[in-house]
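A.B. asks: Quick note on numbering: the sequence shown equals residues 24 to 246 in our numbering.
Quick reminder that beta carbons are idealized off the backbone N, C-alpha and C, glycines included.
One structure follows; several queries about it will come next.
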Amino acid sequence: MKKIIFFVAIALLFASCKPSRIVDVKGRVRLINASSTIGDLNMFIDYEKVYATNVEYLNYSLFREYIATNHKLQIKDAVGNLLIDTSIIVEDKKSYSVFVYDSLADLKIKFVKEVFIAPFGSACKMRFLNLSKDNGLVDVYKTGDSSIQFLNFANGQHSEYLEFQSGFTEFDVSNSLNGNALYHYYGYALKPGYYYTTFLKGTKTSLGKDSLGIFTIENNANY
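Written out as structure tokens, the structure is:
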């Protein structure tokens, strides 16, 4: 009996000495370049360059995973000039979109925590940001629908995701103060189960790539 007790004690001792499994606590971060004045950008987390290829204007990166903690975050242009020096708190199992955009005064950065709750049936979800630097307050509504989906959005403001029915949809943007039409978006084929990030870009005075318009990022529920 004593021998049995001895061997059981030894087995328990060895079991207690095994290293416990370490589970990384991580969140995700991506970069969206909505600034026409700076050109190509890159993001640096804890002083390390994140993407091998710079992110062009009206483009975005894929999500990258990071340990859930406070991280140093910097934005640099294509030749390495430091443009923004800040930090971001990454939480476990959370995703963050980092928007770099223009205001009338200077370059700005915006962190948006993502909440991915999949829509049901034939529905999709869309959110709106006003990243146009000189258009003041704007309203956005579906063409042919008098109800305003996104009301009184100033530069840098964003909405939560709203549910829309899938299918081809057009939008109109107007000045919130006087109702004057600013831009007609000739439409997008919204897909069921997808998320859409839509933002107003550009300026009223430009006729080039930075002319006033709407840019849409399409992702499915798994991104």
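How would you label Gln188, buried or exposed, when you count the other beta carbons within 10 angstroms and need 16 or more for buried?
C.D. replies: Locating residue 188 in the sequence shown gives position 165, counting from the first residue. With fewer than 16 other Cβ atoms within 10 Å, it is exposed.
A.B. asks: What is the DSSP secondary structure of Glu88, counted as helix, strand or coil?
C.D. replies: For the purposes of this step, residue 88 is taken as the residue at position 65 of the sequence shown. Glu88: strand per DSSP, three-state reduction.
A.B. asks: What did DSSP end up calling Phe139 once you bin it into helix, strand or coil?
C.D. replies: On the sequence shown, position 116 is the one that residue 139 refers to. Note: Phe139 maps to coil in three-state DSSP.
A.B. asks: How is the beta strand (DSSP E) around Asp162 delimited, first residue to last?
C.D. replies: If you number the sequence shown from 1, residue 162 lands on position 139. Val161 to Lys165 is the extent of the beta strand (DSSP E) around Asp162.
A.B. asks: Taking the beta carbon of Leu54 as the centre, do at least 16 other beta carbons fall within 10 Å, making it buried, or is it exposed?
C.D. replies: One-based indexing of the sequence shown puts residue 54 at position 31. That one is buried.
A.B. asks: Between the Cα of Tyr208 and those of Ser199, Thr192, Gly202 and Tyr219, spot the shortest distance and give me the residue it belongs to.
C.D. replies: As a working mapping, residue 208 is identified with position 185 in the sequence shown. Measuring from the Cα of Tyr208, the nearest candidate turns out to be Thr192.
A.B. asks: Use the C-beta contact count for Gly50: other C-beta atoms within 10 angstroms, 16 or more gives buried, fewer gives exposed.
C.D. replies: Taking the first residue of the sequence shown as position 1, residue 50 is located at position 27. Buried.
A.B. asks: Given that a residue counts as buried once 16 or more other Cβ atoms are within 10 Å of its Cβ, and exposed if not, what is Pro142?
C.D. replies: Counting from 1 along the sequence shown, the entry for residue 142 is found at position 119. With 16 or more Cβ atoms within 10 Å of its Cβ, Pro142 is classed as buried.
A.B. asks: For Asn56, does the three-state DSSP call read helix, strand or coil?
C.D. replies: Stepping through the sequence shown from its first residue, residue 56 is reached at position 33. Here Asn56 sits in strand by DSSP.
A.B. asks: Decide yes or no for the touch test of the region 148-166 against the region 178-186: beta carbon pairs closer than 8 Å, at least 3 of them.
C.D. replies: At 8 Å Cβ cutoff, the stretches touch.
A.B. asks: Got a sec? Which residues, its chain only, sit under 6 Å from Ile132 by beta carbon, not counting five neighbours each side?
C.D. replies: Position 109 of the sequence shown holds residue 132. Around Ile132: Ile107 and Val123.
A.B. asks: Kindly list the residues whose CB is nearer than 6 Å to the CB of Tyr80, restricted to its own chain and excluding five residues on each side of it in sequence; keep chain order.
C.D. replies: On the sequence shown, position 57 is the one that residue 80 refers to. Excluding sequence neighbours, Tyr80 sits near Asn56 and Ser59.
A.B. asks: Using DSSP with H/G/I as helix, E/B as strand and the rest coil, what is Asn203?
C.D. replies: Along the sequence shown, read from residue 1 onward, the residue named residue 203 stands at position 180. It is coil, neither helix nor strand.
A.B. asks: Quick check: the Cα distance between Ile171 and Ser197, rounded to an integer number of angstroms?
C.D. replies: Within the sequence shown, residue 171 is the residue found at index 148, counting from 1. Within the sequence shown, residue 197 is the residue found at index 174, counting from 1. Spanning the two alpha carbons is a distance of roughly 10 Å.
A.B. asks: Using 8 Å as the Cβ pair cut-off and three pairs as the minimum, do the region 156-171 and the region 209-228 touch?
C.D. replies: These segments touch.
A.B. asks: Are the beta-carbon atoms belonging to Phe173 and Ile237 less than 8 Å from one another?
C.D. replies: Within the sequence shown, the letter at position 150 stands for residue 173. Within the sequence shown, the letter at position 214 stands for residue 237. For Phe173 and Ile237, no; Cβs fall outside 8 Å.
A.B. asks: What residues are listed by DSSP as bridge partners for Leu64?
C.D. replies: Residue 64 sits at position 41 when you count from the first residue of the sequence shown. Leu64 is bridged to Val78 and Asp100.
A.B. asks: Taking DSSP as the reference, what is the three-state secondary structure of Tyr218?
C.D. replies: Taking the first residue of the sequence shown as 1, we reach residue 218 at position 195. Correct three-state label for Tyr218: strand.
A.B. asks: Distance, Cα to Cα, Tyr83 vs Ser120?
C.D. replies: Numbered from 1 along the sequence shown, position 60 holds the residue referred to as residue 83. Numbered from 1 along the sequence shown, position 97 holds the residue referred to as residue 120. Whole-angstrom Cα-Cα distance: 9 Å.
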